[in-house]
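Below is one structure; the comments refer to it alone.
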Amino acid sequence: MKLLTKESDLEFLSAEYENIQFHMLRSNDRLSFISCIVCVYETAQEMIENWRAIQNLVAVYHQHSGGFDAWNMYLAFVSVENVPINEKYEIENNKFSARKIVLDGFKEAQHIDQLIIELENQLLGSDLSLESREYPQEKNLSSLKDYYSGAPLDSKHESREKRASMIDKLIENLNTNEN
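In case it helps, the numbering used here puts the sequence shown at residues 404 to 582.
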């Protein structure tokens with residue numbers, strides 16, 4: 404999955420905040436829809452002063468009234484300056500309207516292509532790789548299937564006793580082979 408720039412009417416934001424750059428990003432996967440409004444600030448102080456008002460405007464003018472919108476929507480606040488840790492924590496842990504991420508100390512804040520790469524890493528895990536490893540199988544441990552295979556599923560007294568006996572055998576085996 405990738406994040407792509409999307410032409411979107413963000414006039415409701417840029418009319419209020421002329422010195423902040425706004426970009427709309429959307430995922431290219433129809434089944435895993437994510438949208439992200441990126442707010443690029445000149446200073447960290449400007450971010451601290453305006454993030455709440457921006458989230459409120461986004462909630463009113465951009466989001467639908469459905470319950471899942473907040474979890475498919477991100478607000479990314481970007482600054483070249485470092486944001487104090489307390490303010491960064493407050494912004495990122497605020498649960499109103501959308502998920503939030505703060506990219507501070509970001510030297511390439513003016514270049515949307517660099518922002519997209521960083522946001523793909525942060526939001527989509529694009530920088531992660533999966534390594535396959537082989538683990539040696541222990542020969543003395545028998546599979547759980549041996550213990551629950553053939554367990555009666557009805558609610559008869561005999562069936563309950565049989566299931567209890569099967570659980571007792573499993574616990575006994577685990578205690579015996581604990582190490």
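A virtual CB, placed ideally from N, CA and C, is assigned to each residue, including glycine. All figures in this text were calculated on a predicted structure; none of them were measured in a lab.
Span of the alpha helix (DSSP H) around residue i
i      : result
Val461 : Ala447 to Tyr464
Ile488 : Ile488 to Glu495
Ala418 : First-last for Ala418: undefined, no H or E at that position.
Leu573 : His560 to Thr579
Gln525 : First-last for Gln525: undefined, no H or E at that position.
Run of the beta strand (DSSP E) containing residue i, from where it starts to where it stops
i      : result
Lys503 : Arg502 to Leu506
Ser535 : No beta strand (DSSP E) contains Ser535, which DSSP labels as neither H nor E.
Ser430 : Gln424 to Ser430
Proximity winner among the options, relative to residue i (alpha-carbon distances)
i      : options                           : result
Glu523 : Ile457, Glu421, Leu428 and Asp412 : Leu428
Asn475 : Leu573, Phe436 and Arg536         : Phe436
Asn453 : Phe480, Arg566, Thr579 and Asp516 : Phe480
Glu484 : Leu413, Tyr444 and Asn580         : Tyr444
Lys498 : Met450, Ser562 and Leu478         : Leu478
Asp516 : Asp412, Leu413 and Val441         : Val441
Val486 : Ala447, Cys439 and Arg566         : Ala447
Phe509 : Lys503, Glu521, Ala501 and Arg502 : Glu521
Arg502 : Ile488, Glu534 and Gln458         : Gln458
Gln525 : Gln424, Cys439, Glu493 and Glu421 : Cys439
Gln466 : Ile488, Ser500 and Ser430         : Ser500
Ser552 : Glu421, Ile570 and Ile423         : Ile570
Gln424 : His514, Ser568 and Glu537         : His514
Asn496 : Ala462, Glu534 and Arg455         : Arg455
Helix, strand or coil at residue i according to DSSP, with G and I counted as helix
i      : result
Ile437 : coil
Asn543 : Bear in mind that a pLDDT of 49 at Asn543, under 50, signals an unreliable position, so the model cannot answer this.
Leu478 : strand
Own chain partners of residue i with C-beta closer than 7 Å, once the 5 adjacent residues on each side are dropped
i      : result
Lys491 : Val505 and Asp507
Tyr464 : Phe415
Spatial neighbours of residue i in its chain, beta-carbon cut-off 8 Å, leaving aside the 5 residues before and after
i      : result
Leu460 : Phe415, Leu416 and Glu419
Leu556 : Ser562
Leu518 : His426, Val441, Val443, Ala479, Val481, Leu506, Phe509, Glu511 and Ala512
Close-in-space but distant-in-sequence residues of the same chain around residue i (CB under 6 Å, 5 per side omitted)
i      : result
Thr579 : none
Phe482 : For the sequence presented, residue 482 should be read as Ser rather than Phe. These residues qualify, in order along the chain: Tyr444, Ala447, Met450 and Asp507.
Lys565 : Pro555
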